Amino acid sequence: MIQCHGLNVRAGSFQLHDVSFTVPEGAYAVLTGPSASGKTTLLEAIAGAVEPSSGTIHLNGRDVRRLPPEQRRLGVVHQHGYLFPHLTVRENVEYGAFDSAGARELMQRFSVYHLADRGVVALSGGERQIVALCRALATRPRILLLDEPFSALDRPRREEVRARAAELHHDWQLTTMHVTHDEGEALAVATMRLHMHDGMLS
176 MIQCHGLNVR
186 AGSFQLHDVS
196 FTVPEGAYAV
206 LTGPSASGKT
216 TLLEAIAGAV
226 EPSSGTIHLN
236 GRDVRRLPPE
246 QRRLGVVHQH
256 GYLFPHLTVR
266 ENVEYGAFDS
276 AGARELMQRF
286 SVYHLADRGV
296 VALSGGERQI
306 VALCRALATR
316 PRILLLDEPF
326 SALDRPRREE
336 VRARAAELHH
346 DWQLTTMHVT
356 HDEGEALAVA
366 TMRLHMHDGM
376 LS
């Protein structure tokens, strides 16, 4: 479960204003809104990458405002699939993994196991996003935050990866919050919708 109440976050000249919502345990929430409306800032606040000036964040009933990101039991996938450039695909996915067998199964499930020994610098943008998704899932998080995670994939591959991610969401009973500009994607996966405009939920 993700619960935010009265959340205010300043990031440079931008600010989230009094954001309150609840994503029930096991739900798949899709967050939409125009560019620069605050969607990524909200995910970063939940993940612990930026600090709110006021308000509360509870994850599965636990107040996480004072917890560092690594103690929040989250998986996070950024739009640009940030990976460790000095590590191979396998090493990236196994970094923080629950176990190596699980990491291998995820690479196989998402059809990137053939890239396991390749350096990530040589990957395409879409491959980087898939590897980043595998790395996030390999930690066996209870909550998954996705920021435009499939934007670099062509449509057939995007639909395939999205379907496999949705299967894991269901099988593992993940609580997922997914930022997207793709209305078709939102309709395909969402069990609830949130919309952001000018730093506020509407």
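Just so we're aligned: the sequence shown equals residues 176 to 377 in our numbering. For every residue, glycine included, the Cβ atom is placed at its ideal position computed from N, Cα and C. For clarity, every value in this text was computed on a predicted model and none was experimentally measured.
Leaving out five residues on either side along the sequence, give the residues of the same chain with a beta carbon under 7 Å from the beta carbon of residue i.
i    : result
P243 : G223
P260 : V295 and V296
V268 : A278, L281, M282, V306, C309, R310 and A313
A186 : T216 and V225
Suppose you measure from the CA of residue i to the CA of residue j; what does that come to, to the nearest Å?
i    : j    : result
V252 : T351 : 11 Å
Q348 : M367 : 15 Å
L312 : L290 : 17 Å
R265 : L298 : 13 Å
D357 : L343 : 21 Å
M176 : L217 : 15 Å
A204 : Y270 : 27 Å
E219 : V225 : 6 Å
M282 : R339 : 12 Å
Y288 : S188 : 42 Å
H345 : A365 : 12 Å
A202 : Q254 : 21 Å
R284 : R248 : 22 Å
S228 : L321 : 23 Å
V336 : V194 : 31 Å
Could you check if residue i is buried or exposed, using at least 16 other CB atoms within 10 Å of its CB as the buried criterion?
i    : result
H372 : exposed
D274 : exposed
P316 : buried
Q246 : exposed
L258 : buried
G250 : buried
L319 : buried
E323 : buried
L234 : buried
L362 : exposed
F325 : buried
A272 : buried
Once the 5 residues before and after residue i are set aside, which same chain residues still bring their CB inside 8 Å of it?
i    : result
D329 : G301
T231 : Q178, C179, H180, G181, L182, D238 and R240
E200 : M176, N235, Q348 and T350
S212 : M371, H372, D373 and G374
Which two residues bound the contiguous beta strand (DSSP E) that contains residue i?
i    : result
L206 : Y203 to T207
T351 : T350 to V354
L217 : Counting along the chain, L217 falls outside any beta strand (DSSP E), though it belongs to the alpha helix (DSSP H) covering K214 to A222.
G230 : S229 to L234
A186 : I177 to A186
V252 : L249 to V252
L369 : M367 to H372
Q190 : F189 to V198
Can you give me the Cβ contacts of residue i inside the same chain, cut-off strictly under 6 Å, excluding the 5 residues immediately before and after it?
i    : result
M375 : H192
G256 : R303, Q304 and A307
H370 : T207, G208 and S377
R214 : The question names Arg, but residue 214 is Lys in the sequence shown. So the list reads L206, G208, V354 and M371, once near-sequence residues are dropped.
T197 : Q178
Would you give the residue range spanned by the alpha helix (DSSP H) that residue i belongs to?
i    : result
L362 : E358 to V364
Would you list, in sequence order, the uninterrupted alpha helix (DSSP H) runs of no fewer than 4 residues that lie entirely inside the segment 261-330? 264-269, 275-284 and 300-313
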